[in-house]
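Worksheet: one structure, shown below.
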Amino acid sequence: MRKPRVLLILAAAALLAACGVQPTGVVPAGPGPSIRATTGPNVLGGLTLYFVSDGRVIPVTRPTEGFISPEGAVTLLLQGPTDREAAQGLTTFVPPELGKLRVYPGDPSSLALPYSMRKLSDQAINQLVCTVIAASAATGRAPQSKGVNVISPNEDVYFQSCQPS
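Its first residue numbered 2, the sequence shown is counted upward by one per residue in the working numbering.
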């Protein structure tokens, strides 16, 4: 008889302990760390580009049908988010009129800009650098360095690491 009494007392105590707890609504925590494409061929592989959501630079994986070089990845980044990505709140701070960018392999890779990087926002530079690093890693010949040398037309070189939000 003692065991059922103890269980009854514990159950009553648990009910009383829960009294006064107010329910809360959904607490917004911002977007997830990445948005992954769900249709198309080779979804598991894909190409990672970096776009901006709520002021944060985040990775977005797009399906690909074959190899895309780091320079090709930057070209896709310059085209901006797809309609579907834009509908999910993604944007880019990299101006499409940036012009032709060159990516040179190495350790670290180098990204040659057509004009001074001072004309670009921190998010835009981060989008470019993170995209180059991700595309370089996808080649299977990823450099050991965790950054990219960004070269401006006057040949100033700045080492930049990827800092996604």
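Note that CB positions come from ideal geometry on N, CA and C, so glycine has one too.
- Pairing Ser146 with Pro109 gives a Cβ-Cβ distance under 8 Å.
- In the three-state reduction of the DSSP assignment, Ile126 falls in the helix class, which pools H, G and I.
- Exposure of Arg119 is indicated by the presence of fewer than 16 other C-beta atoms within 10 angstroms of its C-beta.
- Here Thr49 is bridged, per DSSP, to Thr62.
- Here Gly47 is near Arg63, since their CB atoms are less than 8 Å apart.
- Annotation for Arg103: the continuous beta strand (DSSP E) segment containing it runs Arg103 to Tyr105.
- In this structure, Pro97 keeps its C-beta atom at 8 Å or more from the C-beta atom of Pro165.
- In terms of Cβ geometry, Ala74 and Ala136 form a close pair [threshold 8 Å].
- Following the DSSP letters along the chain, one finds Val151 in no alpha helix (DSSP H) but inside the beta strand (DSSP E) bounded by residues Gly148 to Ile152.
- For Ala139, the number of other beta carbons within 10 angstroms of its own is at least 16, and it is reported as buried.
- A distance below 8 Å separates the beta carbons of Pro154 and Ser117.
- The residue among Glu156, Val130 and Val149 with its C-alpha nearest the C-alpha of Leu79 is Val130.
- By the neighbour-count criterion, in which a residue is buried when 16 or more other Cβ atoms sit within 10 angstroms of its Cβ, Phe52 is buried.
- In the same chain as Phe94, and ignoring 5 residues on each side of it, the C-beta atoms closer than 8 Å to its own belong to Val53, Leu121, Ser122, Gln124, Ala125 and Gln128, in chain order.
- Rounded to whole angstroms, the gap between the alpha carbons of Val149 and Ala88 is 31 Å.
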